[in-house]
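**Q** Under my numbering, think of the first position of the sequence shown as 18, with each following residue one higher. First, the structure itself, so that you have it in front of you.
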Amino acid sequence: MTVRGSIAWQLKAAGILFGGALRGTAQYRANLFLTMAAGALFQTTGFLALWVMLARFGDIAGWTITDVALLYGIRLTAHGVWAVPFNQLMDVEHFVREGTFDRFLVRPVNPLVQLMTSRVRLNTLGDLVAGLVMLGVAMSHVDVDWTFGKLAFLLAALLGGAMVEGGIQLGLSAIAFRTLGSAQVRFTVDSVFNLYGNYPGSVFGRAGQWALTILPVAFVAYLPTAVLLGRTGELGVPRILAYLSPLVGAAVFAIAYAFWRRQIRHYQGAGS
């Protein structure tokens, strides 16, 4: 493998390009603050609705407000971890239709890395900040003994959850190289993650848990949270799946990236 083709070189290039995109976006500080605040506010409104419901009924399928807050914090943080670098996937259709994706193919840096670092969407930073704050607050109140092992699992679960969401969106975005559009499908899938990923899977019964596991929404937050809270006994799916959540995320992303690389061969540039 050449130096420019090495993983280390690609990661270094990604860091430089992302840093440049972030600095370019952050030069308008008022806009940076307002956009991040709007993103954080949008994401926290969903939890506020849950809080109102829990304040009235006490729990959801046996999950208390602190349990749900931990789940919500894990889900939102994982979402932010993938959304900050990968949110530019929504622009794939634009580059493909305009025939301007060519510029990513003639440079020595991986085309996906260039796409990811072409722009930083400030609202996604708000998602990440809101997720980290909520997760931190939940961790300090939930009845969990935060041993090194559980902290390590939490970190792995956050990365795994990010790779699940990011992998699904990456795979769906790759369809645009053939169809010139996949936005509606991506938005629908994103809505499914947002609607069902913030609740304990036990709310939806055994069939619902299996459906969310296959999709695989449950691997982002519900299954890892069940492990951390010691609630794997109530799962409607084999408990081993909960412990394997981080590895499932890595597998989903690896498959999605292989699919992306295969579909990119079907791109027809401006001169085609």
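Built from N, CA and C at the ideal position, the CB exists for glycine as well.
Any heavy atom of the ligand NAP closer than 7 Å to the beta-carbon of P263?
**A** The model on display carries no ligand, and the ligand NAP is accordingly not part of it.
**Q** What's the gap between the Cα of G90 and the Cα of I77?
**A** Roughly 16 Å separates the two Cα atoms.
**Q** Between the C-alpha atoms of G135 and E115, what's the straight-line distance to the nearest angstrom?
**A** The sequence as given places Ser at residue 135; Gly does not occur at that position. Each residue's alpha carbon lies about 16 Å from the other.
**Q** Closest to L65 by C-alpha separation, out of Y260, L168, A147, would be which residue?
**A** Among Y260, L168, A147, the Cα nearest to that of L65 is on A147.
**Q** Taking all protein chains shown into account, decide if S262 is buried (16 or more other Cβ within 10 angstroms of its Cβ) or exposed.
**A** So S262 ends up on the buried side.
**Q** So what's I77 in DSSP terms, helix, strand or just coil?
**A** Strand.
**Q** Spatial neighbours of R138 within its chain, please: CB distance less than 6 Å, with the 5 preceding and 5 following residues excluded, ordered by chain position.
**A** The residues are N104.
**Q** My output table needs one value for T83: the three-state DSSP class, helix, strand or coil.
**A** Looking at T83 - three-state DSSP - the assignment turns out to be helix.
**Q** Taking all protein chains shown into account, decide if Q285 is buried (16 or more other Cβ within 10 angstroms of its Cβ) or exposed.
**A** So Q285 ends up on the exposed side.
**Q** Only counting the same chain, and skipping five residues up and downstream in sequence, which positions put a Cβ closer than 8 Å to that of F270?
**A** So the list reads M180, V181, G183, G184, L187, once near-sequence residues are dropped.
**Q** Output yes or no for whether 8 Å exceeds the beta carbon distance between D293 and L93.
**A** Coverage of the chain is limited to positions 18 through 289, which leaves residue 293 absent and any answer about it impossible.
**Q** Once the 5 residues before and after L189 are set aside, which same chain residues still bring their CB inside 8 Å of it?
**A** S199, V202, R203, V206, listed in sequence order.
**Q** Which runs of the alpha helix (DSSP H) spanning at least 4 residues fall entirely within the stretch 231-276, listed in chain order?
**A** Qualifying alpha helix (DSSP H) stretches, in chain order: 239-246, 256-260.
**Q** I'd like the span of the alpha helix (DSSP H) that includes A194, first residue to last.
**A** The question names Ala, but residue 194 is Phe in the sequence shown. Element bounds for F194: 193-196.
**Q** Could you tell me whether the Cβ atoms of F121 and L132 are closer together than 8 Å?
**A** Cβ distance < 8 Å, so F121 and L132 count as in contact.
**Q** Going by alpha carbons, who is nearest to V85 out of W68, W99, V101, F74?
**A** Comparing Cα positions, the closest option is W68.
**Q** If we count the other Cβ atoms within 10 Å of its Cβ and call it buried at 16 or more, is P255 buried or exposed?
**A** The residue is exposed, with fewer than 16 neighbouring Cβ atoms inside 10 Å.
**Q** Of the choices T242, V109, F194, whose alpha-carbon is the least far from that of I281?
**A** When only C-alpha atoms are compared, the closest one is F194.
**Q** Going by beta-carbon coordinates alone, are Y260 and L88 separated by less than 8 Å?
**A** No; because the gap between Cβ atoms is not below 8 Å, this pair is not in contact.
**Q** Kindly indicate the opening and closing residues of the alpha helix (DSSP H) around T205.
**A** Here the alpha helix (DSSP H) through T205 covers 200-213.
**Q** What are the boundary residues of the alpha helix (DSSP H) that P128 is part of?
**A** Its alpha helix (DSSP H) spans residues 128-133.
**Q** Would you decide whether V113 is buried or exposed? Buried here means 16 or more other CB atoms lie within 10 Å of its CB.
**A** Buried.
**Q** Going by other Cβ atoms of all chains shown within 10 Å of its Cβ, with 16 needed for buried, is T19 buried or exposed?
**A** Interpretation of T19 is limited by its pLDDT of 47, a score under 50 that renders its predicted location unreliable; the figure taken from the coordinates is listed afterwards. Under this definition T19 is an exposed residue.
**Q** Distance, Cα to Cα, G178 vs A95?
**A** Cα to Cα, the separation comes out at about 5 Å.
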